[in-house]
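Visitor: For what it's worth, the numbering used here labels the leading residue of the sequence shown as -16, then goes sequentially.
I have a structure here, written as structure tokens, and I will follow up with some questions on it.
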Amino acid sequence: MSTVEAGNSNGFLTDVWINLKRWLIKTTRNPFVVVGSLVQPVIFLVLFTEIFGGAVGGALSQALGPDISYVTYLTPAIIVQSALVAAAGSGIGLVDDMENGMFEKVLVSPINRAAMFLGKSLSEVVRIVVQTFIILGLGYVLLWFDTGGEVGTYIETGIVGALGIVLVAIVFAIWFTAFSNIVALVTRDQESTIIGANLLQFPLLFVSSAFLPVDILPGWVQTVATFNPITYGVDAARALMLGRDVQTVIDVTAFGGVWNTLIPSFAVLIALDIALGAIAVRYLNRASSSAAQ
-16 MSTVEAGNSN GFLTDVWINL KRWLIKTTRN PFVVVGSLVQ PVIFLVLFTE IFGGAVGGAL
44 SQALGPDISY VTYLTPAIIV QSALVAAAGS GIGLVDDMEN GMFEKVLVSP INRAAMFLGK
104 SLSEVVRIVV QTFIILGLGY VLLWFDTGGE VGTYIETGIV GALGIVLVAI VFAIWFTAFS
164 NIVALVTRDQ ESTIIGANLL QFPLLFVSSA FLPVDILPGW VQTVATFNPI TYGVDAARAL
224 MLGRDVQTVI DVTAFGGVWN TLIPSFAVLI ALDIALGAIA VRYLNRASSS AAQ
């Protein structure tokens, strides 16, 4: 039995709460991070709708029908993008802990390593939830101006759908949070962690269903989009937003309506969460062994 296991007198949930509270306090003490994370999605949503809205209107009407506004089409993509950015920041925060010596102190404490990862992930979830509601609110405002005040139904699946979109953002973010933490634990370098996260983050956004319907993109992009987790996150949120099946990369008809998109999308994302989360915890355990020695 390791020293960590022998000395752990706290329950799992207590360990999760301790880590969650520590990371929330650390985040809120940095106003630049808080303001930046809340303002960035606002900027992206406004810029993308203003710049690309008119240009892609015809393609969007051809793919989904003339009644779909680019604002409602894009809003789920910006929500997923914001979750991706928040998740990427998790690994950067971990490296900061390493550089100031806090990480080593935590490693020699009797805190459960899975709880350590979960608590840190939940701190990102809090920010993602706030971001998601802000983006949904802004999307409504932009749609109001776009339609001259005749918004009609904004989220076709109603309040339940809005909460479902928040859940999609959370489930989507966990796998990339784990990935950014893995990169941080492997490299132990802030610059490398930033490069590693951004190397995947932005290219994957543009080879997914985020900004345009997949079936009007080049063939090789459609192939990449099929294996791109961002596609499944965006499609799940978009299905709830539009109240219809929008899954185009795989052919699922067994469940009916939005469930043809939601069930396979959640299955892919949850599988990624479990796989990468397990790897992140394994690296934390390995780091704990090294610290103990």
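All residues carry an ideal CB built from backbone N, CA and C; glycine is no exception.
Please read all numbers here as calculations on a predicted model, not as lab measurements.
Where do the N-terminal and C-terminal ends of the alpha helix (DSSP H) with Asn164 fall, by residue?
Guide: Gly141 to Thr170 is the extent of the alpha helix (DSSP H) around Asn164.
Visitor: Can you give me the C-alpha to C-alpha distance between Gly201 and Gly84, rounded to a whole angstrom?
Guide: Note that residue 201 is Pro in the sequence shown here, rather than Gly. So the alpha carbons of these two residues sit roughly 48 angstroms apart.
Visitor: Could you compute how far the alpha carbon of Glu87 sits from the alpha carbon of Arg5?
Guide: Going from the Cα of Glu87 to the Cα of Arg5 covers about 15 angstroms.
Visitor: Please identify the residue among Val241, Ala250 and Leu146 whose C-alpha is closest to the C-alpha of Pro212.
Guide: With distances taken between Cα atoms, Pro212 lies closest to Ala250.
Visitor: Kindly list the residues whose CB is nearer than 7 angstroms to the CB of Ser191, restricted to its own chain and excluding five residues on each side of it in sequence; keep chain order.
Guide: Answer for Ser191: Ala208, Asn211, Ile213, Thr214 and Val217, listed in chain order.
Visitor: Put Ile277 into one of helix, strand or coil per three-state DSSP.
Guide: Because the chain spans -16 through 276 in this model, residue 277 falls outside it and cannot be assessed.
Visitor: Could you have a look at Val235 and say whether DSSP puts it in helix, strand or coil?
Guide: Residue state, collapsed to three classes: coil.
Visitor: If you draw a straight line from the alpha carbon of Val(-1) to that of Ile94, how long is it in whole angstroms?
Guide: Roughly 9 angstroms between the two C-alpha positions.
Visitor: Using only the alpha-carbon positions, how far apart do Leu28 and Gln173 sit?
Guide: Their Cα atoms are separated by approximately 28 angstroms.
Visitor: If you follow the alpha helix (DSSP H) that Arg221 is part of, which residue opens it and which one closes it?
Guide: First-last of the alpha helix (DSSP H) with Arg221: Pro212 to Leu225.
Visitor: Do you know how far the Cα of Asn13 is from the Cα of Asp79?
Guide: The straight-line gap from Cα to Cα measures roughly 13 angstroms.
Visitor: Rank Thr231, Arg227, Ser248 and Thr160 by C-alpha distance to the C-alpha of Gly239 and give the top, closest one.
Guide: Nearest option by C-alpha distance: Arg227.
Visitor: Kindly list the residues whose CB is nearer than 7 angstroms to the CB of Ala219, restricted to its own chain and excluding five residues on each side of it in sequence; keep chain order.
Guide: Cβ within range, chain order: Val151, Thr244, Leu245, Ser248 and Phe249.
Visitor: On the CB-based measure, 16 or more other CB atoms within 10 Å of its CB, does Thr160 come out buried or exposed?
Guide: Buried, because 16 or more other Cβ atoms sit within 10 Å of the Cβ of Thr160.
Visitor: Please work out which residues of its chain come closer than 6 angstroms, Cβ to Cβ, to Ser(-15), disregarding the five sequence neighbours upstream and downstream, and give them in chain order.
Guide: Only weak support exists for where Ser(-15) lies, its pLDDT of 41 falling under 50; the value from the coordinates is given anyway. Result list for Ser(-15): empty, nothing under 6 angstroms.
Visitor: Assuming Ala97 and Val264 are in contact, meaning their beta carbons sit under 8 angstroms apart, how far apart are those beta carbons, in whole angstroms?
Guide: Sure, about 5 angstroms apart at Cβ, within 8 angstroms.
Visitor: Hey, Asn2 and Lys103 are a contact pair by Cβ (cut 8 angstroms); roughly how many whole angstroms apart?
Guide: Yes, they are in contact, since the Cβ atoms of Asn2 and Lys103 sit about 6 angstroms apart, within 8 angstroms.
Visitor: Using the rule of at least 16 other Cβ atoms within 10 Å of the residue's Cβ for burial, across every protein chain shown, is Thr32 buried or exposed?
Guide: The residue is buried, with at least 16 neighbouring Cβ atoms inside 10 Å.
Visitor: Decide if Glu82 is buried, meaning its Cβ has at least 16 other Cβ atoms within 10 Å, or exposed.
Guide: So Glu82 counts as exposed.
Visitor: Between Leu119, Phe185, Val63 and Gly132, which lies nearest to Ile153 when the distance is taken from Cα to Cα?
Guide: Here the closest residue by C-alpha is Val63.
Visitor: Cα separation between Tyr56 and Phe189?
Guide: The straight-line gap from Cα to Cα measures roughly 15 angstroms.
Visitor: Rounded to a whole number of angstroms, what is the C-alpha to C-alpha distance between Thr236 and Leu146?
Guide: For Thr236 and Leu146, the distance between alpha carbons rounds to 24 angstroms.
Visitor: With DSSP run on the structure shown, which of helix, strand or coil describes Gln184?
Guide: DSSP places Gln184 in helix when its eight states are reduced to three.
Visitor: Between Val166 and Ala180, how many whole angstroms is the CB-CB distance? I'm expecting something under 8 angstroms.
Guide: Contact holds; Cβ gap of about 6 angstroms.
Visitor: Pull up the CB-CB distance for Ala70 and Ala156, whole angstroms please, since I reckon it's below 8 angstroms.
Guide: About 4 angstroms separates the two Cβ atoms, so the contact holds.
Visitor: Apply the 10 Å Cβ neighbour rule to Phe100 and answer buried if 16 or more other Cβ atoms are within range, or exposed otherwise.
Guide: When all chains shown are included, Phe100 counts as buried.
Visitor: How many Å lie between Arg171 and Ile111 at the Cα?
Guide: Near 25 angstroms, if we compare the C-alpha coordinates of Ile111 and Arg171.
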